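Colleague:
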Amino acid sequence: MIEKEILIQAQNGDEEALEYIIKKYQNVVYQNMKYFFLKDGDVNDLMQEGYIGLISAINNYDEKKDVYFYTFANVCIKRQMIIAIKKSNTEKYRNLNEAMQGESYYKKEENINYKKPSLSFYNPEEILLSKELVELLKEYLNNNLSKLEKSVFYYLLKQRTYIEIAELLNETPKRIDNIIQRIKKKVYEYLKRYT
Numbered sequence: 004m005i006e007k008e009i010l011i012q013a014q015n016g017d018e019e020a021l022e023y024i025i026k027k028y029q030n031v032v033y034q035n036m037k038y039f040f041l042k043d044g045d046v047n048d049l050m051q052e053g054y055i056g057l058i059s060a061i062n063n064y065d066e067k068k069d070v071y072f073y074t075f076a077n078v079c080i081k082r083q084m085i086i087a088i089k090k091s092n093t094e095k096y097r098n099l100n101e102a103m104q105g106e107s108y109y110k111k112e113e114n115i116n117y118k119k120p121s122l123s124f125y126n127p128e129e130i131l132l133s134k135e136l137v138e139l140l141k142e143y144l145n146n147n148l149s150k151l152e153k154s155v156f157y158y159l160l161k162q163r164t165y166i167e168i169a170e171l172l173n174e175t176p177k178r179i180d181n182i183i184q185r186i187k188k189k190v191y192e193y194l195k196r197y198t
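Numbered per the numbering used here, the sequence shown spans residues 4 to 198.
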């Protein structure tokens, strides 16, 4: 069981307390992963979603609700994994799933539909479920994205299509897709710090 003081410290932004809780609850994330399968994703993607759920639980836990933190965290982890699975199965996220298939997919470049709206997968409000973590992610991205990557990320948040972003930034849609993959990798690296 997590001591109340450590949980309060983590909620107030203490990184050591946050890391302590994440390490202590990593088995809960692993246990939940056994029951789910993320289509067109891998184990690490599902693990990331579990940790996002755990961080959401840390930020949103209210001891006045008379629920054990373990129970609340378990629910948040499962819910986040289920949300990720549902999103990966929707038409809206098909471009991301296809992009993750690798180089063999891009050999058939004529099949890429750049007219579809860009993915709200990159919307931090949806991914991170808490204002505090969104602020941490914004700070990380601000310090780690190039000027061009920041522009692409901005337009992604505005749900612009690849073609619209390419036109606005005077780039090709393929280059925009490559930049999105780099942004995704940097977000992954950020989330990996908590695993």
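Beta carbons are placed, not taken as given, at the ideal position from N, Cα and C, and that holds for glycine. If you're wondering where the values come from, they're calculated on a predicted model, not measured in any experiment.
Can you grab the Cα-Cα spacing for the pair Glu170 / Pro176, in whole Å?
Modeller: Looking up residue 170 in the sequence shown gives position 167. Looking up residue 176 in the sequence shown gives position 173. Whole-angstrom Cα-Cα distance: 8 angstroms.
Colleague: Among Asn147, Leu160 and Ala60, which residue has its Cα nearest to the Cα of Ile11?
Modeller: As a working note, residue 11 is residue 8 in the sequence shown. Among Asn147, Leu160 and Ala60, the Cα nearest to that of Ile11 is on Ala60.
Colleague: Kindly indicate which residue of Phe75, Asp69 and Ile85 has the alpha-carbon position closest to the one of Gln51.
Modeller: Position 48 of the sequence shown, counting from 1, holds the residue named residue 51. The residue with the shortest Cα to Cα distance from Gln51 is Ile85.
Colleague: Round the Cβ separation of Ile1 and Gly53 to the nearest angstrom and send it over; I've been treating them as touching at under 8 angstroms.
Modeller: The requested residue 1 is not part of the displayed model; the chain covers only 4 to 198.
Colleague: Output the residue ranges of the alpha helix (DSSP H) runs that lie fully inside the segment 25 to 80 and measure 4 residues or longer, sorted by chain position.
Modeller: 29 to 36 and 46 to 63, all fully within the segment 25 to 80.
Colleague: Throw me the rounded Cβ distance for the Leu57 and Tyr28 pair, which I believe falls under 8 angstroms.
Modeller: Along the sequence shown, one-based indexing puts residue 57 at 54. Along the sequence shown, one-based indexing puts residue 28 at 25. Their Cβ separation, rounded to whole angstroms, is 6 angstroms, which keeps Leu57 and Tyr28 in contact under 8 angstroms.
Colleague: Assuming Glu1 and Ile186 form a contact by the criterion Cβ under 8 angstroms, report the distance between their Cβ atoms to the nearest whole angstrom.
Modeller: Lying outside 4 to 198, the shown extent of the chain, residue 1 is not represented and no answer is given.
Colleague: Hey, is Val190's beta-carbon within less than 8 angstroms of any beta-carbon in chain D?
Modeller: In the structure shown, chain D cannot be found, because there is only a single protein chain.
Colleague: Is the separation between the beta-carbon of Ala76 and that of Val46 shorter than 8 angstroms?
Modeller: Numbered from 1 along the sequence shown, position 73 holds the residue referred to as residue 76. Numbered from 1 along the sequence shown, position 43 holds the residue referred to as residue 46. No, the pair does not count as a contact, with Cβ atoms beyond the cut-off.
Colleague: Are Tyr155 and Leu172 touching if we call contact CB-CB under 8 angstroms?
Modeller: Residue numbering aside, residue 155 sits at position 152 when the sequence shown is read from its first letter. Residue numbering aside, residue 172 sits at position 169 when the sequence shown is read from its first letter. According to the sequence displayed, residue 155 carries Val and not Tyr. A contact, by the Cβ cut-off of 8 angstroms.
Colleague: In angstroms, rounded to a whole number, what distance separates the CA positions of Phe39 and Lys90?
Modeller: The residue labelled residue 39 in the question sits at position 36 within the sequence shown. The residue labelled residue 90 in the question sits at position 87 within the sequence shown. Cα to Cα, the separation comes out at about 14 angstroms.
Colleague: Using DSSP with H/G/I as helix, E/B as strand and the rest coil, what is Ser91?
Modeller: Within the sequence shown, residue 91 is the residue found at index 88, counting from 1. In this structure, Ser91 counts as helix in the three-state DSSP scheme.
Colleague: Does DSSP put Ser149 in a helix, a strand or coil?
Modeller: Mapped onto the sequence shown, residue 149 falls at position 146. Three-state result, Ser149: coil.
Colleague: With 16 other CB atoms within 10 Å as the buried threshold, where does Tyr33 fall?
Modeller: Indexing the sequence shown from 1 puts residue 33 at position 30. Classification of Tyr33: exposed, given that the 10 Å Cβ count is below 16.
Colleague: Are there 16 or more other CB atoms within 10 angstroms of the CB of Tyr165, so buried, or fewer, so exposed?
Modeller: Taking the first residue of the sequence shown as position 1, residue 165 is located at position 162. Buried: at least 16 other Cβ atoms inside 10 Å.
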